[in-house]
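**Q** Quick one: this structure, given as structure tokens, is what I'll be asking you about.
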Amino acid sequence: MVMAERAADCLAKLGLDGSIHNGSLSAEPAHLQASFGHHRRCRSLRERTGVDHRLERLPSGPIHKTPLYTVVTGVNTNKSRPVKIADFAEHVRMMAADSDFRFSEEYEILRNVGCGQSYNAAELPANKAKNRFTNILPYDHSRVRLAQVSDQEGADYVNANYMPGFSSRREFIAAQGPLPTTRDAFWQMAWEQGCPAIIALTKCVEKGRDKCHQYWPDNEHSSVVYADIEVTVLSESTFDDFTIRELRMKKLHESAPPRTIRHFHYMAWPDFGVPDHPEGIISAGVGRSGTFIAIDRLLQTIQIDRPIDVFGIVHEMRLERCHMVQNEQQYIFIHHCILHAIETMAPDRSQAAPSELHQNPVFEDDDTIAESDF
1 MVMAERAADC LAKLGLDGSI HNGSLSAEPA HLQASFGHHR RCRSLRERTG VDHRLERLPS
61 GPIHKTPLYT VVTGVNTNKS RPVKIADFAE HVRMMAADSD FRFSEEYEIL RNVGCGQSYN
121 AAELPANKAK NRFTNILPYD HSRVRLAQVS DQEGADYVNA NYMPGFSSRR EFIAAQGPLP
181 TTRDAFWQMA WEQGCPAIIA LTKCVEKGRD KCHQYWPDNE HSSVVYADIE VTVLSESTFD
241 DFTIRELRMK KLHESAPPRT IRHFHYMAWP DFGVPDHPEG IISAGVGRSG TFIAIDRLLQ
301 TIQIDRPIDV FGIVHEMRLE RCHMVQNEQQ YIFIHHCILH AIETMAPDRS QAAPSELHQN
361 PVFEDDDTIA ESDF
């Protein structure tokens, strides 16, 4: 699931499967819908992932034997591997050759990034039952802390981490899909962080297994109270692959004015896999959420003609939350979505300034945010 905290002109990102992003949640629906659109327009990556099929769209000619990374003095290639936009199609072609051999090599380097960091809060006796999975635990240094309403151990705990975006170190929050016992804490987090958007990337039940407890009212114009926050569905629009809801949050027993939050619910993403149609865009808040955040950041990168660094972005995310971009298939999917965007967005790159869309002034100068080399 993904939540966002910036409320500028950008649409929210995606994230109900376990990620919340501060940038997306605060973003306006325009940018979010754009991100959804690119996911939906891409061709099938599961039915057409054979090397021969993928390479049909890429430049012909001999395949380069060495990566096409942009040389940046002083940059550690184990942390950052930027590729010029003009070279990206050939780069993907090279990576996909020999049954994705170079994709496999590169993802293997990322597999253990971030491992070994502490998650002591998640293992406190009072918090263990709040974790959907025993191996998806938030790192202490980047976890979201709730305002404590009691002195009980673990009262500030929620399984969620701040995630860096294009313009802010805390542009997103990646969170697990709520459990029945953590639903109230989820809404407390959304309120306290000022999230303007929630992006859900999972169904509540997938293949007969609970993936995310429903944390919003069932019907349009209906309301449910979660702890001391009343949530009302103002409107609901359903499309082929996703539903967009306009929700109102009202803090009971306080004079604070109600807030509107947008809920983007994408329902065509298989667990541990990728959508049938990349053009269109996990319950643990790691695989699908990480994939979405990476694509969102990279879409803004290509708008201003900066080098594309898929490896570097995934490396950075994995330092903030474990298992972001959960498998090689999702890593490849990111590359193909960005390649599709390059092919379709070229005429529009100069029309928007991502820095204007993704401002998050609350955290822009926050020196307490853990920095990681990128």
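Heads up: the sequence shown begins at 1 in the UniProt record's numbering, then just goes up one per residue.
Virtual Cβ for every residue (Gly too), placed ideally from N, Cα, C.
Values in this document were obtained by computation on a predicted structure and should not be read as measured data.
Tell me the residue span of the beta strand (DSSP E) that contains residue 255.
**A** If you number the sequence shown from 1, residue 255 lands on position 255. It is not in any beta strand (DSSP E) - residue 255 carries neither H nor E in the DSSP assignment.
**Q** According to DSSP, which residues form a beta bridge with residue 232?
**A** Against the sequence shown, residue 232 aligns to sequence position 232. Looking at the DSSP assignment, residue 232 forms a beta bridge with 223 and 248.
**Q** Cα separation between residue 185 and residue 248?
**A** Against the sequence shown, residue 185 aligns to sequence position 185. Against the sequence shown, residue 248 aligns to sequence position 248. One C-alpha to the other measures close to 17 Å.
**Q** Give the secondary structure of residue 242 by DSSP, where H, G and I count as helix, E and B as strand, and everything else as coil.
**A** To locate residue 242, count along the sequence shown from 1; it is residue 242. Looking at residue 242 - three-state DSSP - the assignment turns out to be strand.
**Q** In whole angstroms, what separates the C-alpha of residue 133 from that of residue 170?
**A** The count along the sequence shown starts at 1 and reaches residue 133 at position 133. The count along the sequence shown starts at 1 and reaches residue 170 at position 170. Roughly 24 Å between the two C-alpha positions.
**Q** Give every residue of the same chain whose Cβ lies closer than 6 Å to the Cβ of residue 318, excluding the five residues on either side of it in the sequence, and list them in chain order.
**A** Walking along the sequence shown from the start, residue 318 turns up at place 318. 113, 114 and 324.
**Q** With distances taken from CA atoms, which of 205, 246, 242 and 209 is nearest residue 235?
**A** Stepping through the sequence shown from its first residue, residue 235 is reached at position 235. Selected option, being the one with the closest Cα: 246.
**Q** Taking only runs of the alpha helix (DSSP H) that begin and end inside the UniProt domain "Tyrosine specific protein phosphatases" (283-332), which ones reach a length of at least 4 residues, in chain order?
**A** Complete alpha helix (DSSP H) runs here, min 4: 287-303 and 310-320.
**Q** Rounded to the nearest angstrom, what separates residue 233 and residue 173 at their Cα positions?
**A** By one-based count along the sequence shown, residue 233 stands at place 233. By one-based count along the sequence shown, residue 173 stands at place 173. Looking at the two C-alpha atoms, the distance is approximately 22 Å.
**Q** Relative to the C-alpha of residue 254, which candidate in 267, 260 and 228 has its C-alpha closest?
**A** Here residue 254 refers to the residue found at position 254 of the sequence shown. Ranking 267, 260 and 228 by Cα distance to residue 254 puts 228 first.
**Q** Only counting the same chain, and skipping five residues up and downstream in sequence, which positions put a Cβ closer than 6 Å to that of residue 212?
**A** Along the sequence shown, read from residue 1 onward, the residue named residue 212 stands at position 212. Cβ neighbours of residue 212 beyond the five flanking positions: 177, 202, 204 and 283.
**Q** Quick check on residue 189: does DSSP put it in helix, strand or coil?
**A** The count along the sequence shown starts at 1 and reaches residue 189 at position 189. Note: residue 189 maps to helix in three-state DSSP.
**Q** Please state whether DSSP places residue 136 in a helix, a strand or coil.
**A** Counted from its first residue, the sequence shown places residue 136 at position 136. Residue 136: coil per DSSP, three-state reduction.
**Q** Can you check the region 91-135 for any alpha helix (DSSP H) of at least 4 residues that lies completely inside it and give the ranges in chain order?
**A** Those alpha helix (DSSP H) runs which fall completely within the region 91-135 and span 4+ residues do not exist here.
**Q** Go ahead and label residue 131 buried or exposed: buried means 16 or more other beta carbons lie within 10 angstroms of its beta carbon, across all protein chains shown.
**A** For the purposes of this step, residue 131 is taken as the residue at position 131 of the sequence shown. Looking at its Cβ environment, which holds 16 or more other Cβ atoms inside 10 Å, residue 131 is buried.
**Q** Do you know offhand how far residue 126's Cα is from residue 96's?
**A** Your numbering for residue 126 matches position 126 in the sequence shown. Your numbering for residue 96 matches position 96 in the sequence shown. So the alpha carbons of these two residues sit roughly 46 Å apart.
**Q** On the three-pair Cβ rule with 8 Å, is the region 77-85 touching the region 298-317?
**A** As far as the Cβ criterion goes, the region 77-85 touches the region 298-317, which means the pair count is three or higher.
**Q** Whose C-alpha, out of 163, 87, 216 and 250, is nearest the C-alpha of residue 315?
**A** On the sequence shown, residue 315 is found 315 positions in, with the first residue counted as 1. With distances taken between Cα atoms, residue 315 lies closest to 163.
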